[in-house]
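In what follows, a single structure is set out as structure tokens and then discussed.
There are 4 protein chains.
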Amino acid sequence: MPKTMLAVVKPDPAPGAEIRQVKLPVIGRTDVLVKVKVASICGTDLHIYEWDRWAQRRIHPPLIPGHEFCGEVVAHGDEVTSVKEGDFVSAEMHVACGKCVQCRTGEAHICQNVKIIGVDADGAFAEYVAIPESNIWKLDPAIPIEYASILDPLGNAVHSVLAGEIAARTVAITGCGPIGLFAIAVARAVGASQVFAIETNAHRREIAGKMKADVVLDPASQDVPAEILERTGGLGADVVLEMAGQPNGLTSRPISLNFSEDIIFKGITVQGINGRRMYQTWYQMTALLKAGKLDLHPAITDRIAMKDFSRAMERLKTGEASKILVYPNGSG
Amino acid sequence: MPKTMLAVVKPDPAPGAEIRQVKLPVIGRTDVLVKVKVASICGTDLHIYEWDRWAQRRIHPPLIPGHEFCGEVVAHGDEVTSVKEGDFVSAEMHVACGKCVQCRTGEAHICQNVKIIGVDADGAFAEYVAIPESNIWKLDPAIPIEYASILDPLGNAVHSVLAGEIAARTVAITGCGPIGLFAIAVARAVGASQVFAIETNAHRREIAGKMKADVVLDPASQDVPAEILERTGGLGADVVLEMAGQPNGLTSRPISLNFSEDIIFKGITVQGINGRRMYQTWYQMTALLKAGKLDLHPAITDRIAMKDFSRAMERLKTGEASKILVYPNGSG
Amino acid sequence: MPKTMLAVVKPDPAPGAEIRQVKLPVIGRTDVLVKVKVASICGTDLHIYEWDRWAQRRIHPPLIPGHEFCGEVVAHGDEVTSVKEGDFVSAEMHVACGKCVQCRTGEAHICQNVKIIGVDADGAFAEYVAIPESNIWKLDPAIPIEYASILDPLGNAVHSVLAGEIAARTVAITGCGPIGLFAIAVARAVGASQVFAIETNAHRREIAGKMKADVVLDPASQDVPAEILERTGGLGADVVLEMAGQPNGLTSRPISLNFSEDIIFKGITVQGINGRRMYQTWYQMTALLKAGKLDLHPAITDRIAMKDFSRAMERLKTGEASKILVYPNGSG
Amino acid sequence: MPKTMLAVVKPDPAPGAEIRQVKLPVIGRTDVLVKVKVASICGTDLHIYEWDRWAQRRIHPPLIPGHEFCGEVVAHGDEVTSVKEGDFVSAEMHVACGKCVQCRTGEAHICQNVKIIGVDADGAFAEYVAIPESNIWKLDPAIPIEYASILDPLGNAVHSVLAGEIAARTVAITGCGPIGLFAIAVARAVGASQVFAIETNAHRREIAGKMKADVVLDPASQDVPAEILERTGGLGADVVLEMAGQPNGLTSRPISLNFSEDIIFKGITVQGINGRRMYQTWYQMTALLKAGKLDLHPAITDRIAMKDFSRAMERLKTGEASKILVYPNGSG
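Chains as they are written, first to last, in my numbering: chain Z, 15 to 346; chain C, 15 to 346; chain X, 15 to 346; chain Y, 15 to 346.
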């Protein structure tokens, strides 16, 4: 085992990041050391890179970002029993406390004390990453390696789509970033009768079409509600998945709603959905991927070597790239 | 049977109402004629009386208002089979079309083409009212007559409270108009572990205490979130029932929400709830009332003869009255 | 309009049936007269034909059987408003009373007083059939006519499959009569990750393969539990749909279960599922069929002219036929 | 801390048990040592005592039985962070593996590899018991000590009753052992409109009445279905909780059912329910107990000193005792 490794490092509380040689992560009795094969870039990573207001409050440099990846187990602590060297794994990077009400009632994905590896601790844009055994997800060898690196955002899509009834229903997806694009594939796979993809960016609309959305709409040039009403016999979409907001998938500004007209008289249910269920969503993803139900390739637009990380950030900013895969060992 | 009857009539598109002698309602083959024993006044009736903007758009005078009542069947059309003269009845006054998607999928309470008796057709502030057989609710003789006249708003409370898990959970009710007050009683009856009642009007707060809310809070003088957090071990209320808004229970202005902080990260579900389920809610109400699980008396503040209708409107405006019962035959 | 029509008639309480010239059905104010284009044969029809014990108790000859069909509206009563001459329709043949608890709480498909057209009243193995407006299902012209004639059994499959979570789960279907076969298609369409079809009859197993069951098993020659455990990583099927029993899809003998081992310790839920939801299932079927999600052709094995009805019964008895379509006007 | 303690010991694979002086339990880094204040006796303990067939297969003597208790923390391992000396606690005695599918999907209460303290490892009929931190339940001081000792079986009742809709519904409970008796109290607390208690043992029927079942029925002398039908307007009970079976609450013999008549045509759902949810049920119990919603006293029939354990076993066998509390330190 080497003593040092290459990693993307955010060294200071300022914009940018560097590729540096750093020490290998230290693992405890219940931790697993994984050699990263492929990582992938999330909008959150761009926030950290650009050092926006959210990042300034949340991130404590120096930090190795990166929370989407797959790799191979190369070492583990004494008390680890469920994985061994050579296992092909990914991980849930939300480390839940296990002791709050949410954790003790099956809602660990909204743990009050969650720590995110790659946000609150060193992450996966590196040759190696340390993960608690509890958070390791052993991968079925049938899962393609590229898909194995994007299970985190795919999980967001699966958790969102399966949070309500989708079979035989019409679904409108607002926002076609990577999670919105994945949601198109998932909604189709579980029997949505029509999938509407709504997106202002032309590159993303093109990918939405490749993901086989039934109808792709541009709110800047089309009357989206009218189009949907016409194609649904005047009923409107049964389900709306709001996946736009800011680059990190969240909107930071208040949204104004007329509750009487928009919610109450329509008998609508609004669900706030966050992260992925630990670990029900992971089982669901595995089942759908093994069964070959999801074609996610159109959403993977770039493959880069880790040394080109800053260039990847620029690609994301242009809006031309969707999901970018990062190869720590240069094979991107 | 008399040829004419006394009724509250809104004669013109203008504020006010009159007590007039009018013709008895005509009943069709599938209708039921009910002699009204007790009716009760809803905030909607005050809207109609005051002729506010909502009323100006919706109401087409002349109209007999009133959509909460109980009475006795005195006649019915040839094809009516499920009720007979002498039956003690109330009615669901939302007449659903039976043909829209909502009606055909068990969601008739949000029928697209609903007509409300007492709003869109002559209602129950009269000696007699005509009701389609399909909407008649036969009353168990064990139901007290006063409660039988307020099943419509009690149904709103029952439908709202039972729309989610309540047993062993803490419940905050914002707004203690009659429906909010009834919701206190219902939440307690179905096992809420703590009920917080939140209301600015001192009269209503006093009644909320009599309805046995565990904690009654005044947002004008108390830090409501802080009080609730303290009394729930820092967890906050499990369930919030928003029952304030305008006098008719609805808010007409948009409400601004920070979706990320208030909904998504908390994994919250927001349900828009309207009316009462046809007729599941009616069965539930009957079961709870027959079992003696609900003490609603504190919320019934006034009993008036129908001829004093305008005085009742003034009482409502002062904010001192809660539920007002109206006796068409003068015994109030 | 002709005065008489050709129909399959069960004239007496005895085995068999005849093709006879009979009077056209009389329609009431709220009824619709439909010219039958295609009908299809259910196992129940074979019970009636063979005059088994169930039929002896339930059927009161003379009777025109047949409860699966599509056709064209040719006349209707004065009060019918939602369909008109020329409309392409099918119908829910369970006529619910509308007045029992089940009907008034959205459970009309288990109405206590249900009458089934084709069982309790004259049905669709005829040139014309009379249907109450409430039970008519207007067909989208995009639905192929053959599929339009089998919506009743397809509805059983859709209602059963969608009665629980199916997406990303493994599903075992025991019994591959027509409803079991349709269930294969539906389960695949709504995201089942693996579908196991279990059937003793070789003809049916062959069709199950054509319906794209992932694995087809013969309990007579294979260890079904062992095969399923092996293919599910030792977990067993997540969902079992029991669709075998007797030819009419029901088992008349008691079944013995070890509740502790089979149900309680496994935390299993057993749902009794009957018929189709009125009319949610019909909307779901329409959505899936319009979206092209279901290929049902392999299950339609025979197409016959109505005059050959008895021959169709013989085909069913051999176990070689699955769904048989009947053309009243001879074009089968 | 003493070196030895008094405990109930099953020394050999044979009927009976002894009170012995044994070594104190050893605690690991993540364990907690609790001084037992009150334990209570479960039907399972009688199985172990009598050494029946179930016990012969499952139990490996020597064993200290006992899995219902409360006490005070007196020591803990280095890595324990959530409890401290002096805390008043109970514990979930099902120790889940944390790694099987059930554990990773919020179903730890049906963990495939569960170990039960008091069955598979030394339990609570002793002056001290060792418990993993993960399974400790910190008690609110508002919970009475006697109730604190019976949370395990109360949890079975709460989990069962809250497994479906109870509010405003009629509930029949078959079997009035302690869990059945607790279920009466819980069903009433969460709004059951009528509770029928069905039991052959006269002592238990008497207690069922004290628990305020609305109707107590003896299947040996009464026509239970007829009584329930009469008191529910011919509808039957909405919910049946089967809590009889053998003394340990489980039936070991197969049960024969006519699925068509009993399950399918009625659209019934049968749920297998086991244990208590970790730890949702514990939160629910705490909320109900703190709110004073449950009066469980009538079900606690005996209080004994631990040295009289064998006499308690005899009391249970007579059928006169219901829940028996055991005081290890002699204050029973």
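Don't be surprised by glycine CBs; every beta carbon is placed ideally from N, CA and C. As the structure is a computational prediction, the values presented were derived from the model and not from experiment.
- Closest by C-alpha distance to Y293/Z, out of A69/Z, I287/Z, C84/Z, H173/Z, is H173/Z.
- Distance from the Cα of A326/Y is smallest, within the candidate group T184/Y, G286/Y, K307/Y, F139/Y, for F139/Y.
- By the neighbour-count criterion, in which a residue is buried when 16 or more other Cβ atoms sit within 10 angstroms of its Cβ, S163/X is buried.
- Separation of the CB atoms of L339/Z and I314/Z is rounded to 6 Å, and the pair is thereby assigned contact status at 8 Å.
- Distance from H90/Z to D45/Z at the Cβ level is roughly 7 Å; contact confirmed, criterion being Cβ atoms closer than 8 Å.
- Positions of the alpha helix (DSSP H) runs, each at least 4 residues long and wholly inside the region 244-327 of chain C, are given as 294-304 in order along the chain.
- DSSP places H81/Y outside both helix and strand once states are collapsed to three, so it counts as coil.
- A Cβ-Cβ distance of about 11 Å is found for the pair I150/X and I131/X, leaving them out of contact under the 8 Å criterion.
- Given a length threshold of 4 residues, each whole run of the alpha helix (DSSP H) inside the region 37-118 of chain Y is given here in chain order: 57-64, 67-72, 115-118.
- Interface annotation, K49/Z: not in contact with chain Y, CB-CB separation never under 8 Å.
- In the DSSP assignment, no residue is bridged to M225/Z.
- In the assembly as shown, A222/C is a buried residue. Its beta-carbon has 16 or more other beta-carbons within 10 Å.
- Put simply, the backbone Cα of R218/X is about 29 Å away from that of I124/X.
- For the options E147/X, G306/X, S104/X, Y341/X, the alpha carbon positioned closest to that of D92/X is the one of E147/X.
- Residue range 192-203 is occupied by the alpha helix (DSSP H) that includes A203/Y.
- The C-alpha of E86/Y is placed about 32 Å away from the C-alpha of T95/Z.
- Taken through DSSP and simplified to helix, strand or coil, V238/Y comes out as helix.
- Near chain Y, meaning a CB-to-CB distance below 8 Å, the residues of the region 111-123 of chain Z are G112, K113, V115, R118, T119, G120.
- Judged by beta-carbon spacing, L303/X lies beyond the 8 Å limit of V200/X, meaning their Cβ atoms are not closer than that value.
- The three-state reading of DSSP puts P146/Z in strand, counting E and B together.
- Taking a Cβ-Cβ threshold of 8 Å, none of the residues of chain C is close to S148/Z; the smallest such distance is about 21 Å.
- Less than 8 Å separates the beta-carbon of N343/X from that of E141/X.
- In the three-state reduction of the DSSP assignment, K17/C falls in the coil class, being assigned neither a helical nor a strand state.
- By the C-beta criterion, the region 174-193 of chain C is judged to be in contact with the region 178-188 of chain Y, since at least 3 inter-stretch pairs fall below 8 Å.
- With contacts defined by Cβ atoms closer than 8 Å, P79/X and K24/X form a contacting pair.
- Put simply, the backbone Cα of V50/X is about 18 Å away from that of E32/X.
- Checking the DSSP bridge columns, you'll see T184/X partnered with Q208/X.
- Bounds of the alpha helix (DSSP H) holding V172/Z are 165-175.
- Excluding residues up to 5 positions away in sequence, nothing lies with its Cβ nearer than 6 Å to the Cβ of Q70/Z in the same chain.
- Where I159/Z is concerned, the enclosing alpha helix (DSSP H) starts and stops at 159-162.
- Separation of V229/C and A211/C (C-alpha to C-alpha, rounded to the nearest whole angstrom) is 6 Å.
- Taking all protein chains shown into account, G30/Z has fewer than 16 neighbouring C-beta atoms within 10 Å of its C-beta and is therefore exposed.
- Going by C-alpha positions, G57/X is about 28 Å away from A156/X.
- In the DSSP assignment, L153/X falls outside any beta strand (DSSP E), carrying neither H nor E.
- When the Cα atoms are used, K17/X and K37/X turn out to be separated by approximately 6 Å.
- Here DSSP, grouped into helix, strand and coil, assigns E141/C to coil.
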